[in-house]
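**Student:** Numbering (our numbering), first residue to last: 81 to 160. Here you go, one structure.
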């Protein structure tokens, strides 16, 4: 954990698997579909990733729909 807002709504992480080539940064935002991330979190993420090219997107807007999804016919498939 590199940075976290006081209200715990946003944080910047450095993640990795054993070695430097397998490290990346993530900015995680609670309820990002409701509000934008805190500016300090965005700036800390930008500072951490500047010219390093090691950020990666792990969440897409359709992820929020998961909370409203219903099983389709009980076969483990989900409808949006």
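Even for Gly, the Cβ is constructed at its ideal location relative to N, Cα and C.
1) Distance, Cα to Cα, residue 118 vs residue 102?
2) Using CA coordinates, which residue listed in 142, 105, 87, 89 is at the minimum distance from residue 130?
3) How is residue 130 classed by DSSP in three states: helix, strand or coil?
4) May I have the straight-line CA-CA distance separating residue 120 from residue 114, to the nearest angstrom?
5) Buried or exposed: which applies to residue 109, given that a residue is buried once 16 or more other Cβ atoms fall within 10 Å of its Cβ?
6) Smallest Cα separation from residue 89: which of 127, 116, 126?
**Tutor:** Working from what's here:
1) In the chain shown, residue 118 corresponds to position 38, counting from 1. In the chain shown, residue 102 corresponds to position 22, counting from 1. When rounded, the distance between both Cα atoms is 27 angstroms.
2) Sequence index remark: in the chain shown, residue 130 carries index 50 (1-based). Out of 142, 105, 87, 89, 105 has the C-alpha closest to the C-alpha of residue 130.
3) Here residue 130 refers to the residue found at position 50 of the chain shown. DSSP places residue 130 in coil when its eight states are reduced to three.
4) Translated into positions along the chain shown, residue 120 becomes position 40. Translated into positions along the chain shown, residue 114 becomes position 34. Straight-line Cα distance between these residues: approximately 18 angstroms.
5) Looking up residue 109 in the chain shown gives position 29. Residue 109 is buried by the Cβ-count criterion.
6) The sequence position of residue 89 within the chain shown is 9, counting from 1. Out of 127, 116, 126, 116 has the C-alpha closest to the C-alpha of residue 89.
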